[in-house]
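Student: First residue of the sequence shown: 9, per this note's numbering; consecutive thereafter. In this text, a Cβ means the ideal position worked out from N, Cα and C, and glycines have one as well. Here the structure is a predicted model, which is why all the values come from computation and not from measurement. My structure is below; once you've seen it, I'll send some questions.
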Amino acid sequence: MKTVSVVMCTYNGAKYIRQQLDSIIAQKYPIEEVIVQDDGSNDGTIEIVEEYSARHPYIHLYRNEVNKGFNMNFITAFQRAKTDFVAISDQDDIWFSDKIERQVEAIGDKYAACCTDHYRDEKYSDRCTFRRNPQNTFESQIFTSHVPGHCLLVRTSFLKSIDNWDKHIPYDWWIVINAHFCGGLAKAPYPLNWYRPYAESVATKHRAKYQRHAENPTWQPYIFGMKDFRQLQKRELWSKFYGYINLRTATADDSLSEDEKQTFRLVHKLTGLMLRKDIFSLLKLCFLCMKHRDVVHGKKHPNIAVAMLRGFFYPFIWAYSTTNFDY
9 MKTVSVVMCT YNGAKYIRQQ LDSIIAQKYP IEEVIVQDDG SNDGTIEIVE EYSARHPYIH
69 LYRNEVNKGF NMNFITAFQR AKTDFVAISD QDDIWFSDKI ERQVEAIGDK YAACCTDHYR
129 DEKYSDRCTF RRNPQNTFES QIFTSHVPGH CLLVRTSFLK SIDNWDKHIP YDWWIVINAH
189 FCGGLAKAPY PLNWYRPYAE SVATKHRAKY QRHAENPTWQ PYIFGMKDFR QLQKRELWSK
249 FYGYINLRTA TADDSLSEDE KQTFRLVHKL TGLMLRKDIF SLLKLCFLCM KHRDVVHGKK
309 HPNIAVAMLR GFFYPFIWAY STTNFDY
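Put into C-alpha coordinates, the structure is as follows:
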(Lines of atoms letter the chains of each structure in order from A and count residues from 1; the text may use other names and numbers.)
(Lines give C-alpha, C1' and ligand atoms only; values in the text may rest on other atoms or scores of the structure.)
Protein backbone atom coordinates (compact mmCIF):
# COMPACT_ATOMS: atom_id res chain seq x y z
CA MET A 1 0.00 0.00 0.00
CA LYS A 2 1.34 3.43 -0.97
CA THR A 3 2.01 5.81 1.90
CA VAL A 4 0.52 9.30 2.08
CA SER A 5 1.52 12.47 3.90
CA VAL A 6 -0.92 15.34 4.32
CA VAL A 7 0.78 18.73 4.17
CA MET A 8 -1.23 21.55 5.74
CA CYS A 9 0.03 25.12 6.05
CA THR A 10 -1.59 27.30 8.68
CA TYR A 11 -1.85 30.95 9.60
CA ASN A 12 -4.49 32.14 12.06
CA GLY A 13 -6.79 29.26 11.15
CA ALA A 14 -8.28 28.55 14.59
CA LYS A 15 -11.83 29.30 13.49
CA TYR A 16 -12.14 26.34 11.10
CA ILE A 17 -9.10 24.08 11.51
CA ARG A 18 -10.81 21.57 13.80
CA GLN A 19 -13.29 20.61 11.08
CA GLN A 20 -10.49 20.09 8.56
CA LEU A 21 -8.35 18.02 10.93
CA ASP A 22 -11.38 15.90 11.83
CA SER A 23 -12.06 15.22 8.14
CA ILE A 24 -8.42 14.21 7.58
CA ILE A 25 -8.43 11.89 10.58
CA ALA A 26 -11.65 10.32 9.25
CA GLN A 27 -10.11 9.30 5.91
CA LYS A 28 -10.74 5.69 4.88
CA TYR A 29 -7.23 5.45 3.45
CA PRO A 30 -4.56 5.30 6.18
CA ILE A 31 -2.55 8.50 6.59
CA GLU A 32 1.12 8.03 7.45
CA GLU A 33 1.65 11.56 8.75
CA VAL A 34 0.03 14.97 8.85
CA ILE A 35 2.61 17.74 8.51
CA VAL A 36 1.31 21.07 9.82
CA GLN A 37 3.65 24.01 9.21
CA ASP A 38 2.54 27.22 10.89
CA ASP A 39 3.54 30.66 9.63
CA GLY A 40 3.28 32.69 12.82
CA SER A 41 -0.30 32.27 14.03
CA ASN A 42 -1.39 34.21 17.11
CA ASP A 43 -5.03 33.15 17.37
CA GLY A 44 -4.94 29.73 19.03
CA THR A 45 -4.10 27.68 15.93
CA ILE A 46 -0.93 26.32 17.56
CA GLU A 47 -2.78 25.19 20.68
CA ILE A 48 -5.43 23.40 18.63
CA VAL A 49 -2.86 21.52 16.54
CA GLU A 50 -0.92 20.57 19.69
CA GLU A 51 -4.15 19.26 21.18
CA TYR A 52 -4.78 17.06 18.13
CA SER A 53 -1.14 15.96 18.02
CA ALA A 54 -1.35 14.73 21.62
CA ARG A 55 -4.25 12.46 20.64
CA HIS A 56 -2.88 11.51 17.20
CA PRO A 57 0.94 11.19 17.26
CA TYR A 58 1.16 11.12 13.45
CA ILE A 59 0.20 14.81 13.42
CA HIS A 60 3.46 16.78 13.47
CA LEU A 61 3.62 20.53 14.06
CA TYR A 62 6.42 22.74 12.73
CA ARG A 63 6.67 26.48 13.30
CA ASN A 64 8.43 28.95 11.01
CA GLU A 65 10.85 31.30 12.72
CA VAL A 66 9.79 34.10 10.38
CA ASN A 67 6.64 34.57 8.31
CA LYS A 68 7.19 33.11 4.83
CA GLY A 69 3.83 33.87 3.23
CA PHE A 70 1.48 31.12 2.13
CA ASN A 71 3.35 30.29 -1.09
CA MET A 72 6.80 29.71 0.42
CA ASN A 73 5.22 28.12 3.47
CA PHE A 74 3.83 25.32 1.30
CA ILE A 75 6.96 25.03 -0.86
CA THR A 76 9.20 24.51 2.17
CA ALA A 77 6.71 22.25 3.96
CA PHE A 78 6.69 19.83 1.01
CA GLN A 79 10.34 19.02 1.69
CA ARG A 80 9.42 17.41 5.02
CA ALA A 81 7.40 14.58 3.45
CA LYS A 82 8.95 11.10 3.39
CA THR A 83 6.08 9.10 1.92
CA ASP A 84 5.06 8.04 -1.59
CA PHE A 85 2.45 10.78 -2.01
CA VAL A 86 1.67 14.23 -0.65
CA ALA A 87 -1.94 15.35 -0.25
CA ILE A 88 -2.14 19.14 -0.02
CA SER A 89 -4.54 20.59 2.52
CA ASP A 90 -5.92 24.03 3.26
CA GLN A 91 -6.62 24.84 6.91
CA ASP A 92 -10.29 25.57 6.46
CA ASP A 93 -11.90 23.05 4.06
CA ILE A 94 -13.68 19.76 4.71
CA TRP A 95 -12.55 16.55 3.01
CA PHE A 96 -14.90 13.70 2.19
CA SER A 97 -13.86 10.43 3.78
CA ASP A 98 -12.92 8.75 0.47
CA LYS A 99 -10.82 11.65 -0.90
CA ILE A 100 -7.39 10.08 -0.49
CA GLU A 101 -8.61 6.59 -1.36
CA ARG A 102 -10.02 7.69 -4.72
CA GLN A 103 -7.02 9.86 -5.57
CA VAL A 104 -4.50 7.11 -4.85
CA GLU A 105 -6.53 4.85 -7.12
CA ALA A 106 -6.65 7.46 -9.90
CA ILE A 107 -2.96 8.44 -9.83
CA GLY A 108 -1.79 4.84 -10.19
CA ASP A 109 1.86 4.20 -11.00
CA LYS A 110 2.21 6.62 -13.92
CA TYR A 111 0.97 10.10 -13.17
CA ALA A 112 2.90 12.83 -11.35
CA ALA A 113 -0.21 14.31 -9.76
CA CYS A 114 -3.97 13.88 -9.49
CA CYS A 115 -6.66 16.54 -9.21
CA THR A 116 -10.37 16.31 -8.36
CA ASP A 117 -13.61 18.22 -8.53
CA HIS A 118 -14.84 20.02 -5.43
CA TYR A 119 -17.86 21.87 -4.02
CA ARG A 120 -17.98 25.60 -3.34
CA ASP A 121 -21.42 26.08 -1.78
CA GLU A 122 -21.67 29.03 0.61
CA LYS A 123 -22.31 26.61 3.49
CA TYR A 124 -21.36 22.97 3.92
CA SER A 125 -24.15 20.40 3.93
CA ASP A 126 -24.75 16.79 2.99
CA ARG A 127 -26.33 18.02 -0.24
CA CYS A 128 -23.78 20.42 -1.73
CA THR A 129 -24.68 21.37 -5.31
CA PHE A 130 -22.23 24.05 -6.52
CA ARG A 131 -19.70 21.70 -8.11
CA ARG A 132 -16.46 23.02 -9.60
CA ASN A 133 -14.81 20.98 -12.33
CA PRO A 134 -11.19 22.18 -12.78
CA GLN A 135 -10.08 22.27 -16.39
CA ASN A 136 -7.56 19.51 -16.90
CA THR A 137 -5.95 20.23 -20.29
CA PHE A 138 -2.37 21.46 -20.53
CA GLU A 139 -3.51 24.04 -23.10
CA SER A 140 -5.95 25.64 -20.65
CA GLN A 141 -3.58 25.52 -17.69
CA ILE A 142 -0.95 27.70 -19.32
CA PHE A 143 -3.40 30.58 -19.06
CA THR A 144 -4.43 30.25 -15.45
CA SER A 145 -4.24 28.09 -12.37
CA HIS A 146 -7.43 26.08 -12.74
CA VAL A 147 -6.47 23.39 -10.21
CA PRO A 148 -6.25 24.63 -6.59
CA GLY A 149 -3.80 22.99 -4.23
CA HIS A 150 -6.51 21.50 -2.02
CA CYS A 151 -7.55 19.30 -4.96
CA LEU A 152 -4.08 17.81 -5.50
CA LEU A 153 -2.42 14.53 -4.60
CA VAL A 154 1.21 14.65 -5.77
CA ARG A 155 3.90 12.01 -6.12
CA THR A 156 6.57 12.98 -3.58
CA SER A 157 9.53 12.07 -5.78
CA PHE A 158 8.19 14.38 -8.49
CA LEU A 159 7.43 17.15 -5.99
CA LYS A 160 10.97 17.09 -4.62
CA SER A 161 12.45 17.05 -8.13
CA ILE A 162 11.12 20.57 -8.75
CA ASP A 163 14.17 22.75 -8.12
CA ASN A 164 13.08 26.01 -9.72
CA TRP A 165 10.33 27.22 -7.41
CA ASP A 166 9.59 30.94 -7.52
CA LYS A 167 7.83 32.64 -4.62
CA HIS A 168 5.90 34.80 -7.10
CA ILE A 169 4.37 31.84 -8.99
CA PRO A 170 1.50 30.13 -7.13
CA TYR A 171 2.85 26.81 -5.93
CA ASP A 172 -0.18 24.82 -7.16
CA TRP A 173 0.04 26.33 -10.65
CA TRP A 174 3.74 25.43 -10.83
CA ILE A 175 3.03 21.86 -9.69
CA VAL A 176 0.37 21.38 -12.37
CA ILE A 177 2.55 22.86 -15.14
CA ASN A 178 5.51 20.67 -14.22
CA ALA A 179 3.35 17.57 -13.83
CA HIS A 180 2.78 17.58 -17.59
CA PHE A 181 6.53 17.12 -18.09
CA CYS A 182 6.88 14.31 -15.53
CA GLY A 183 4.12 11.78 -16.16
CA GLY A 184 1.01 13.90 -16.56
CA LEU A 185 -1.94 15.02 -14.48
CA ALA A 186 -4.66 12.47 -13.68
CA LYS A 187 -8.24 13.41 -12.86
CA ALA A 188 -10.42 11.71 -10.28
CA PRO A 189 -13.81 12.79 -11.68
CA TYR A 190 -15.56 13.15 -8.35
CA PRO A 191 -16.14 16.08 -5.98
CA LEU A 192 -14.02 14.99 -3.02
CA ASN A 193 -13.94 18.02 -0.77
CA TRP A 194 -15.75 21.21 0.11
CA TYR A 195 -13.84 24.45 -0.33
CA ARG A 196 -14.85 27.09 2.18
CA PRO A 197 -15.50 30.46 0.50
CA TYR A 198 -15.19 33.35 2.97
CA ALA A 199 -13.84 36.89 3.05
CA GLU A 200 -10.85 36.18 5.32
CA SER A 201 -9.32 33.41 3.20
CA VAL A 202 -5.92 33.96 1.55
CA ALA A 203 -7.36 33.52 -1.94
CA THR A 204 -10.21 35.99 -1.36
CA LYS A 205 -7.90 38.61 0.16
CA HIS A 206 -5.42 38.26 -2.69
CA ARG A 207 -8.10 38.71 -5.31
CA ALA A 208 -9.62 41.68 -3.51
CA LYS A 209 -6.19 43.35 -3.31
CA TYR A 210 -5.08 42.84 -6.90
CA GLN A 211 -8.32 42.65 -8.89
CA ARG A 212 -8.06 45.50 -11.40
CA HIS A 213 -11.68 45.55 -12.56
CA ALA A 214 -15.16 44.82 -11.31
CA GLU A 215 -16.00 41.15 -10.91
CA ASN A 216 -18.39 39.35 -13.28
CA PRO A 217 -17.75 41.52 -16.35
CA THR A 218 -19.73 41.06 -19.57
CA TRP A 219 -18.51 43.00 -22.63
CA GLN A 220 -15.62 44.82 -20.94
CA PRO A 221 -12.87 42.17 -21.49
CA TYR A 222 -13.52 42.23 -25.25
CA ILE A 223 -12.75 45.97 -25.33
CA PHE A 224 -10.21 46.53 -22.55
CA GLY A 225 -8.61 43.09 -22.21
CA MET A 226 -6.00 43.75 -24.88
CA LYS A 227 -4.51 46.54 -22.76
CA ASP A 228 -4.28 44.20 -19.78
CA PHE A 229 -2.65 41.53 -21.95
CA ARG A 230 -0.02 44.01 -23.16
CA GLN A 231 0.68 45.16 -19.61
CA LEU A 232 1.20 41.57 -18.45
CA GLN A 233 3.64 40.95 -21.30
CA LYS A 234 5.94 43.64 -19.86
CA ARG A 235 6.46 41.74 -16.63
CA GLU A 236 9.66 39.82 -16.04
CA LEU A 237 7.70 37.01 -14.40
CA TRP A 238 5.67 36.61 -17.62
CA SER A 239 8.84 36.06 -19.65
CA LYS A 240 10.22 33.63 -17.10
CA PHE A 241 7.01 31.60 -16.84
CA TYR A 242 6.22 31.27 -20.54
CA GLY A 243 9.86 31.05 -21.56
CA TYR A 244 10.24 28.01 -19.31
CA ILE A 245 7.17 26.25 -20.74
CA ASN A 246 8.15 27.13 -24.30
CA LEU A 247 11.62 25.65 -23.81
CA ARG A 248 10.34 22.45 -22.15
CA THR A 249 7.80 21.83 -24.92
CA ALA A 250 10.29 22.42 -27.74
CA THR A 251 10.89 18.68 -28.02
CA ALA A 252 8.47 15.84 -27.30
CA ASP A 253 9.88 12.75 -25.61
CA ASP A 254 9.46 9.45 -27.47
CA SER A 255 7.73 8.01 -24.42
CA LEU A 256 4.77 10.34 -25.00
CA SER A 257 1.69 9.21 -26.88
CA GLU A 258 0.82 10.87 -30.18
CA ASP A 259 -1.94 12.89 -28.48
CA GLU A 260 0.52 14.10 -25.85
CA LYS A 261 3.03 15.07 -28.53
CA GLN A 262 0.34 17.10 -30.31
CA THR A 263 -0.48 18.81 -27.02
CA PHE A 264 3.17 19.71 -26.49
CA ARG A 265 3.39 21.11 -30.02
CA LEU A 266 0.31 23.27 -29.53
CA VAL A 267 1.46 24.53 -26.11
CA HIS A 268 4.84 25.34 -27.65
CA LYS A 269 3.15 27.44 -30.35
CA LEU A 270 0.87 29.22 -27.89
CA THR A 271 3.62 30.11 -25.41
CA GLY A 272 5.92 31.20 -28.23
CA LEU A 273 3.28 33.64 -29.44
CA MET A 274 2.64 34.88 -25.90
CA LEU A 275 6.31 35.84 -25.64
CA ARG A 276 6.21 37.94 -28.82
CA LYS A 277 4.88 41.48 -28.77
CA ASP A 278 4.06 42.25 -32.41
CA ILE A 279 0.44 42.53 -33.57
CA PHE A 280 0.74 39.66 -36.06
CA SER A 281 1.74 37.24 -33.28
CA LEU A 282 -1.14 38.45 -31.13
CA LEU A 283 -3.66 37.87 -33.91
CA LYS A 284 -2.18 34.43 -34.57
CA LEU A 285 -2.48 33.63 -30.86
CA CYS A 286 -6.14 34.63 -30.90
CA PHE A 287 -6.76 32.55 -34.01
CA LEU A 288 -5.14 29.46 -32.44
CA CYS A 289 -7.20 29.93 -29.29
CA MET A 290 -10.34 30.05 -31.42
CA LYS A 291 -9.32 27.03 -33.50
CA HIS A 292 -8.49 24.94 -30.43
CA ARG A 293 -11.12 26.51 -28.19
CA ASP A 294 -12.31 23.24 -26.63
CA VAL A 295 -8.92 22.49 -25.08
CA VAL A 296 -7.77 26.09 -24.54
CA HIS A 297 -10.96 27.30 -22.92
CA GLY A 298 -11.54 23.84 -21.52
CA LYS A 299 -15.30 24.00 -21.94
CA LYS A 300 -17.63 23.47 -24.87
CA HIS A 301 -20.33 26.03 -25.60
CA PRO A 302 -23.56 24.87 -27.28
CA ASN A 303 -23.60 27.89 -29.60
CA ILE A 304 -20.67 27.53 -32.01
CA ALA A 305 -20.70 31.23 -32.98
CA VAL A 306 -20.43 32.29 -29.34
CA ALA A 307 -17.78 29.63 -28.73
CA MET A 308 -15.67 30.91 -31.62
CA LEU A 309 -16.02 34.53 -30.47
CA ARG A 310 -14.99 33.65 -26.92
CA GLY A 311 -12.19 31.49 -28.22
CA PHE A 312 -10.72 34.31 -30.31
CA PHE A 313 -10.86 36.81 -27.48
CA TYR A 314 -9.85 34.33 -24.77
CA PRO A 315 -6.35 35.84 -24.22
CA PHE A 316 -8.02 39.19 -23.51
CA ILE A 317 -10.83 37.72 -21.39
CA TRP A 318 -8.28 35.91 -19.28
CA ALA A 319 -5.85 38.86 -19.00
CA TYR A 320 -8.68 41.16 -17.93
CA SER A 321 -9.36 39.24 -14.73
CA THR A 322 -6.21 37.26 -13.82
CA THR A 323 -4.24 38.00 -10.67
CA ASN A 324 -1.86 35.04 -11.03
CA PHE A 325 1.11 37.29 -11.78
CA ASP A 326 0.59 39.42 -8.67
CA TYR A 327 2.01 37.16 -5.96
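Grouping DSSP H, G and I as helix and E and B as strand, with all else coil, what is Met16?
Tutor: strand
Student: Does the Cβ of Gln149 have 16 or more other Cβ atoms within 10 Å, making it buried, or fewer, making it exposed?
Tutor: Under the 10 Å beta carbon count, Gln149 is surrounded by 16 or more other beta carbons and is classified as buried.
Student: Can you tell me whether Phe93 is helix, strand or coil according to DSSP?
Tutor: strand
Student: Thinking C-beta only, is Tyr335 closer than 8 Å to Ile177?
Tutor: yes
Student: Once DSSP output is grouped into helix, strand and coil, what is the label at Ala121?
Tutor: strand
Student: Run through the DSSP bridge pairs and tell me what Tyr127 is partnered with.
Tutor: Arg139, Trp202
Student: With DSSP run on the structure shown, which of helix, strand or coil describes His68?
Tutor: strand
Student: Just verifying my parser: in three-state terms, what is the DSSP assignment at Trp326?
Tutor: helix
Student: Taking DSSP as the reference, what is the three-state secondary structure of Val304?
Tutor: helix
Student: With a 10 Å radius around its C-beta and 16 neighbouring C-beta atoms as the bar for buried, classify His349 as buried or exposed.
Tutor: Nothing about residue 349 can be read from this structure; the chain reaches only from 9 to 335.
Student: Is DSSP giving Ile177 helix, strand or coil here?
Tutor: coil
Student: Secondary structure at Ala336, three-state DSSP: helix, strand or coil?
Tutor: This structure cannot speak to residue 336, because the chain is shown only from 9 to 335.
Student: In whole angstroms, what separates the C-alpha of Pro225 from that of Leu245?
Tutor: 26 Å
Student: So what does Gln45 bridge to, in DSSP terms?
Tutor: Cys17, Tyr70
Student: Taking only the alpha-carbon atoms, compute the straight-line gap between Phe324 and Val12 and give it to the nearest angstrom.
Tutor: 40 Å
Student: Which of the three DSSP states, helix, strand or coil, is assigned to Leu264?
Tutor: Coil at Leu264, not helix or strand.
Student: Between Leu390 and Asn311, what straight-line distance do the alpha-carbon atoms span, to the nearest angstrom?
Tutor: Residue numbering for the chain in the displayed model covers 9 to 335; residue 390 lies beyond these limits and cannot be assessed.
Student: By Cβ distance, which residues of its chain are closer than 8 Å to Thr137, with the 5 residues on each side in sequence left out?
Tutor: Tyr127, Asp129
Student: Do the region 109-127 and the region 43-56 meet, that is, are 3 or more Cβ pairs less than 8 Å apart?
Tutor: With the cut-off at 8 Å, the region 109-127 and the region 43-56 do not touch.
Student: Identify which residue in Ser133, Phe237, Pro229, Lys269 has its Cα closest to the Cα of Ile287.
Tutor: For Ile287, the nearest C-alpha among the options comes from Phe237.
Student: Among Leu200, Phe86, Ala196, Asp100, which one has its Cα closest to the Cα of Lys168?
Tutor: Phe86
Student: With distances taken from CA atoms, which of Glu41, Ala315, Arg163, Ile32 is nearest Cys190?
Tutor: Ranking Glu41, Ala315, Arg163, Ile32 by Cα distance to Cys190 puts Arg163 first.
Student: Let me know if Glu73 comes out buried or exposed under the rule of 16 or more other beta-carbons within 10 Å of its beta-carbon.
Tutor: exposed
Student: Thinking C-alpha only, which one of Gln35, Lys118, Phe78 is nearest Gln99?
Tutor: Phe78
Student: Figure out for me which residue from Ala211, His188, Gly233, Trp227 has the closest Cα to the Cα of Thr257.
Tutor: Out of Ala211, His188, Gly233, Trp227, His188 has the C-alpha closest to the C-alpha of Thr257.
Student: Helix, strand or coil, according to DSSP, for Leu291 in the structure here?
Tutor: In the structure shown, Leu291 sits in a helix (DSSP, three-state: H, G or I).
Student: For Tyr250 versus Leu283, is the C-beta distance shorter than 8 Å?
Tutor: yes
Student: Is the beta carbon of His64 less than 8 Å from the beta carbon of Ile33?
Tutor: yes
Student: Which ranges does the beta strand (DSSP E) cover as unbroken runs of at least 3 residues, wholly within the region 217-262, from first to last along the chain?
Tutor: Whole beta strand (DSSP E) segments, 3+ residues: zero.
Student: Examine the Cβ distances between the region 25-41 and the region 98-116 and report whether three or more of them are shorter than 8 Å.
Tutor: yes
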